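Protein sequences, first through last, are from chains A and B. Each residue of the first sequence is one higher than the last, beginning at 55 in the working numbering. Each residue of the second sequence is one higher than the last, beginning at 19 in the working numbering. From the three backbone atoms N, C-alpha and C, an ideal C-beta is built for every residue, glycine too. On a predicted model such as this, the values are computed, not experimentally measured, just so you know.
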Amino acid sequence: MSQLFHEAIIISILASTLRIMTPLLFSSMGELVIQRSGIWNMGVEGTMLTGAFAAYLVATLSGSLWLAVIAAVLAGILMGAIIAFMTAVLRVDHFIAGLGLNLLAGGFTLYWFQSYIRGRAQPTFSGFEDVDIPLLSDIPFIGPILFSQRALTYLALLAVPAIWFLLYRSRHGLELRCLGENPKALDVKGLSVTARQFAAVTFGSAMTGLGGGFLMLGFSDRFLADFTAGRGWIVVVALIAGNWKPKGVFIAVAAFALLEALATHLQVLGAKVPHQLLLSLPYIASIGLLMGLRLRPGQPARLGVPYTRE
Amino acid sequence: MTTALRVEGLTKRFAGMIANDDVNFDLLPGEIHCLFGENGAGKSTLSSCIFGFYRPDRGQIFVSGEPVHVGSPIDAIRHGIGMVHQHFVLVPEFTVLENIIVGTQRSGIGLKAADARKKLSRICESYGIVVDLDAYVWQLPVGRQQWVEILKALYLDARILILDEPTAVLTPGESRILFNIIGEMCARGLSIILITHKLAEVMQSNRVTVLRKGRVVATLKTSETSPDELVRLMVGRDVSFSVAKPALAPGEEVLAVEGLTARGHWGETVLNNISFSVARHEILGIAGVAGNGQKELFEVLCGVRKPDAGAIRLRGEDVAGLTPRALMDRGVGHIPDDRFREGLVPEFSIAENLVLGWQRSPKYRTGLMMDRRAIADLARDMIAQYQIAARDETVAAGKLSGGNAQKVIIAREFLHASGLILANQPTRGLDVGVIEYVQRQLLKKRGEGFAIVLASEELSDLFSLADRIAVMFKGEIMGIVDPRTTTIAEVGVLMAGGREGGRS
Ligand SMILES: Nc1ncnc2c1ncn2[C@@H]1O[C@H](COP(=O)(O)OP(=O)(O)OP(=O)(O)O)[C@@H](O)[C@H]1O
Ligand SMILES: [Mg+2]
């Protein structure tokens, strides 16, 4: 255990925390936009999975990682459009729409994957490299943690204040939050609830797809069945634990990533604590938090309630 | 003179029923035009059609004499039509300012809050409206929320303003202020469509249009009509405003409350040392401005809220802290003030709502299953007996108008209660015909030997129904008075927190 406190180990843990956070940050900020618009999207897992698969496909076919990123975003938009159509236009129950989409994404990616690799060795690609920011990355301790990361990690960190600004400082954000709290209040001002929810879901799903893409391009060199392994659900929990606020969600994601980084390092160091127990800590912590604090809950009042006029 | 707004041949159907039937209506510049009619007559539906919120099946709308197409609220707003809905359309989590400006900007990214603030303070100043733009709406009492709704419409430069029962949630004092503001608006050339069930308010308008079952019965100059005539037109029969209360000697005591104290969510005292008793053949009135503990008192009495101290004795048995079910088993009936949230399950049918809470009774089941036939028979009976306006017993309760929903609750509680009825604001938002009906039913139960606790904000109701009146202020009972020897003004003093002067 005491090896944990070596400087090199601490640096490694914190650096991997940031890396693990990156896909979760993209996806959770995207989902924050979606849920603030009143759509309780349960299709995060499927959207991330599809994004990851699209990234894999394009990365191995074209060899260009940036094209792969674009493919992940487009896959997210497509999935978002399907969810938005079902929830905002057809007003299907949000849970059913999301769960159905997850099943669809799981089966569809697996099917396409297997026909793609049939009769040959599975193609691989080499993912994103760290980008050392000149000078800054030479700062002791902080440099290797903060300034020697993948380019998309910097973007993910920027996404948090950007989404905060969108939600709380722009008129679009005000309208978006209004959708989640009381869509009728926007409807009586003559704005289309359906169109705005559609836009919010596709935008958010694009970010979710990007998160899935980074999971592929930043951590792996190949696709596997059930590649996302429940990360979409972690995003859903992070929103609740973060009380639907950008800063709270950021902290929840960071806590989860830190615990996961710790768990992996402890495993490598041969510690006796069960990996699964460590991984469940953020969930336990978030449930405890929700029960213990008497906060004014930040959950949008009309989250998951389809809106109709008559 | 050209009309500010004219509606020709407007018809609106909802699945299977007609809410507006060939309605013709016109509004002159600068006038207050009342829409008057029973619950479910179609007043709100007509307003929503004018505002473009509902799409009428037929009909044409003219603004300033020009035919216009109002397909969505955006068109209505563009033509200067504003609407304050019957049920608030506000975001509690937003500040007043955010509620007003959300959705009003068509370009740019920023909020332009400074410009909005300037425009709003100009509007507020000119009408003498006082609101804190930075307060959160959830912090505001309902009366203040009404100003926010009105500001929303004025901010969008409404020239025609539809107010759908704006005074239903206001205290008498707030209503007076509202009417001053409405008068000022008319003086500036705004035209007002006002919906209200209160005759005193109707009489302050210029003209009245009476609706019955979706049709216009008459449009009259207010100065040439009388409350009696209006009510006759509205319900198609005479309604007596003061129901006769036979003198009855109170029987043995049914409910006795002693030193009852309860705390709220944040530990504040909501009920403080409350004591009273009610006997058979007796109606105890609870007077007080809404929010002075009446709701909490009823919650404690029906078992939803746990008291912190004090005794509640029902026919001698201490029942403080018992569950609602245990109290129901002992014959306590409860008519809560929030019909659709606490009195009914809006998605359930009328039949299901009529047995709600008593579904375990052997009368309504065969073995483990519900006895659908028995429940449906009962529901048809009740619909006939209480004259509930609905296609049949399978209609969802949420689709009923306020008055008819209230009848379902009353039917259920009166059917199952034995001995004690707790009625909190049973006539709020109801038309005069239904109010008369509810009052008669309460007196009938009193005659049958029930003890009744009745809270109302309308003092005149309490004076005509109650045998004694307890006045609540800030969770305390300021005094219990005899309506025969007390004036409304004296009760008003107690309601404002004054102590009772010597009288018992
Ligand atoms: N969304 C809806 N779906 C189906 N029926 C409806 C709907 N809204 C109203 N109705 C029906 O249309 C009729 C007219 O309702 P409306 O709300 O216009 O009455 P109102 O005159 O405003 O009554 P109140 O005084 O109780 O507010 C009622 O019978 C009601 O049940
Ligand atoms: Mg109405």
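- Name the DSSP bridge partner or partners of residue 351(B)? 439(B)
- Message: By the three-class DSSP mapping on this structure, what secondary structure does residue 521(B) have?
- Response: With a pLDDT of 42 at residue 521(B), under the threshold of 50, the modelled position of this residue cannot be trusted, and the question is left open.
- Item | Between the CA atoms of residue 282(A) and residue 172(A) - distance to the nearest angstrom | 22 Å
- Quick one: is the Cβ of residue 449(B) within less than 7 Å of any heavy atom of ligand 1? yes
- Query: So the alpha helix (DSSP H) residue 468(B) belongs to, where does it begin and stop?
  - Reply: Taken as a continuous stretch (DSSP letters only), residue 468(B) belongs to no alpha helix (DSSP H), as it is neither H nor E.
- Query: For residue 336(B), which residues of its own chain have a beta-carbon under 8 Å away from its beta-carbon, when the five flanking residues on both sides are left out?
  - Reply: 329 and 330
- Query: Which partner residues does residue 70(A) have in the DSSP bridge list?
  - Reply: Looking at the DSSP assignment, residue 70(A) forms no beta bridge with any residue, so it has no partner.
- Task: Give every residue of the same chain whose Cβ lies closer than 6 Å to the Cβ of residue 358(B), excluding the five residues on either side of it in the sequence, and list them in chain order.
- Result: 364
- Message: Here's the rule I'm using: 16 or more other beta-carbon atoms within 10 Å means buried, otherwise exposed. How should residue 165(A) be labelled?
- Response: exposed
- Message: When you measure from the CB of residue 418(B) to every non-hydrogen atom of ligand 1, does any distance come out below 7 Å?
- Response: yes
- Message: Does chain A have any CB closer than 8 Å to the CB of residue 36(B)?
- Response: no
- Item | Endpoints, the beta strand (DSSP E) within which residue 36(B) is located | 35-45
- Straight-line CA distance for residue 176(B) to residue 95(B)? 7 Å
- Query: Which ranges does the beta strand (DSSP E) cover as unbroken runs of at least 3 residues, wholly within the region 216-275 of chain A, from first to last along the chain?
  - Reply: none
- Item | Inter-residue spacing [alpha-carbon to alpha-carbon] between residue 115(A) and residue 266(A) | 18 Å
- Query: Do the region 256-275 of chain A and the region 98-108 of chain A touch if we need at least three Cβ pairs shorter than 8 Å?
  - Reply: yes
- Message: Using 8 Å for Cβ pairs, my map puts residue 345(B) next to residue 321(B). What's the rounded Cβ distance?
- Response: 5 Å
- Item | Own chain, CB closer than 6 Å to residue 521(B), minus 5 neighbours either side, in chain order | Residue placement at residue 521(B) is flagged as unreliable, the pLDDT there being 42, under the threshold of 50; a coordinate-derived value is accordingly withheld.
- Query: For residue 277(B), which beta-bridge partners are listed by DSSP?
  - Reply: BP columns for residue 277(B) are empty, so no partner.
- Message: Can you determine whether any heavy atom of ligand 1 sits closer than 7 Å to the C-beta of residue 371(B), and answer yes or no?
- Response: no
- Query: On the three-state DSSP scale, how would you describe residue 370(B)?
  - Reply: helix
- Shortest alpha-carbon distance to residue 97(B) belongs to which of 253(B), 426(B), 514(B) and 179(B)? 179(B)
- Euclidean distance between Cα positions of residue 42(B) and residue 23(B): 11 Å
- Compare the C-beta of residue 141(B) with all C-beta atoms of chain A and state if any pair is closer than 8 Å. no
- Message: Taking DSSP's pairing of strands, which residues face residue 128(B) in a bridge?
- Response: DSSP output for residue 128(B) lists no bridge partner at all.
- Expected contact under 8 Å - CB spacing of residue 79(A) and residue 288(A) to nearest Å: Wrong, their Cβ atoms sit about 12 Å apart, outside the cutoff.
- Message: Determine, for residue 28(B), whether the minimum Cβ-Cβ distance to residues of chain A falls below 8 Å.
- Response: no
- Message: Between residue 191(B) and ligand 1, is there a pair consisting of the residue's CB and a ligand heavy atom that are separated by less than 7 Å?
- Response: no
- Task: Measure from the C-beta of residue 236(A) to each C-beta in chain B and report whether the shortest distance is under 8 Å.
- Result: yes
- Task: Determine whether the Cβ of residue 184(A) lies closer than 8 Å to any Cβ atom of chain B.
- Result: no
- Count the other CB atoms, across all protein chains shown, that sit within 10 Å of the CB of residue 180(A); report buried if there are 16 or more and exposed otherwise. exposed
- Task: Let me know the secondary structure DSSP gives residue 193(A) once reduced to three states.
- Result: coil
- Would you identify the three-state DSSP class for residue 152(B), choosing helix, strand or coil? coil
- Task: Could you check which residue in 223(B), 218(B), 219(B) and 217(B) has the C-alpha nearest to that of residue 209(B)?
- Result: 223(B)
- Query: In the DSSP assignment, what residue or residues form a beta bridge with residue 78(B)?
  - Reply: 26(B)
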